[in-house]
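Chemist:
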Amino acid sequence: MAKGFLRKILLPREDKFFPMFEEMAELIAKAAAILNRIIDSDLPYEENEAFTEIKMLENKADDIVHNVLDTVDSSFITPFDREDIQRLISKMDDVIDLINSTSQQIKLYKPKSKMPQVRDLSQIIVRGCEQIRIAAPELRNLKKSYKLHAACLAMNELEKQADEVFHELISTLFQTETNPIELVKRKEIIETMEEITDCIEDVSDVLKTIMIKSA
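Under this note's numbering, the first residue of the sequence shown carries the number -9, and numbering increases by one thereafter.
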């Protein structure tokens, strides 16, 4: 019995990691949906509780990151390379951190007008984060998961779309915004949103590395 107890403590089941990745992916998808709601909302910024909702999700994500890293340190057996576990949770954390950063920028800067293309970029972020949510459960079945491969391809394609929207947004902004302060505020928000799509692609890249190593 003592040997079995020690084995349970020292050799945690591989599936301990999977629920944490899945929960992290759910938080990311929820945060992206709330950010999209902020961008679509006509509520005065000070009356919109969505900013607080995203911050709470980001705090929960930080807890998951710490739990994953602690579990890596205490595990003799991991489902895939320790470095890849650390990279994956770090890249996922980057996504939700930047979603929160965008939210806080909007709250702080209170841009006076909205550009339709910002909604397009926000919706790309939502779709990219949804692909992360789809991909996470497939880590349990790396060698047979077609969904994981498809999700990675979708994330890469969405990042390309985001680049096109981003360049169009910046061009339109400089052509139409006459208030230099508003220009700077809106440009910074748009750039942070574009960074989110880059980080989504980073998640895809780590997932592809994990798939290749498991083949």
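Note that CB positions come from ideal geometry on N, CA and C, so glycine has one too.
In three-state DSSP terms, what is residue 64?
Modeler: Against the sequence shown, residue 64 aligns to sequence position 74. Correct three-state label for residue 64: helix.
Chemist: From residue 86 to residue 44, what does the alpha carbon distance come to, in whole angstroms?
Modeler: In the sequence shown, residue 86 corresponds to position 96, counting from 1. In the sequence shown, residue 44 corresponds to position 54, counting from 1. Cα-Cα distance, rounded: 9 angstroms.
Chemist: Three or more beta-carbon pairs under 8 angstroms between the region 45 to 61 and the region 158 to 178, yes or no?
Modeler: Contact fails: fewer than three Cβ-Cβ distances are below 8 angstroms.
Chemist: Please state whether DSSP places residue 93 in a helix, a strand or coil.
Modeler: Counted from its first residue, the sequence shown places residue 93 at position 103. Reduced to three states, the DSSP call for residue 93 is helix.
Chemist: Considering only C-alpha positions, which residue in the set 20, 135, 63 and 111 is nearest to residue 183?
Modeler: As a working mapping, residue 183 is identified with position 193 in the sequence shown. Residue 111 is the option with its Cα nearest to residue 183.
Chemist: So, using beta-carbon positions, are residue 180 and residue 164 closer together than 8 angstroms?
Modeler: For the purposes of this step, residue 180 is taken as the residue at position 190 of the sequence shown. For the purposes of this step, residue 164 is taken as the residue at position 174 of the sequence shown. Contact: no.
Chemist: Pick from 99, 135, 131 and 77: whose alpha carbon is nearest that of residue 190?
Modeler: As a first step, residue 190 must be located in the sequence shown, where it is residue number 200. Per the Cα distances, 77.
Chemist: When we look at the beta-carbon of residue 175 and count the other beta-carbons within 10 Å, is it buried (16 or more) or exposed?
Modeler: Stepping through the sequence shown from its first residue, residue 175 is reached at position 185. Buried is the call here.
Chemist: Using the Cα positions of residue 35 and residue 106, report the straight-line distance between them to the nearest angstrom.
Modeler: Sequence index remark: in the sequence shown, residue 35 carries index 45 (1-based). Sequence index remark: in the sequence shown, residue 106 carries index 116 (1-based). Their backbone Cα atoms lie some 18 angstroms apart in a straight line.
Chemist: Locate the alpha helix (DSSP H) running through residue 143, then write down its first and last residues.
Modeler: To locate residue 143, count along the sequence shown from 1; it is residue 153. Where residue 143 is concerned, the enclosing alpha helix (DSSP H) stretches over 136 to 166.
Chemist: Secondary structure at residue 34, three-state DSSP: helix, strand or coil?
Modeler: For this step, residue 34 is matched to residue 44 along the sequence shown. Correct three-state label for residue 34: coil.
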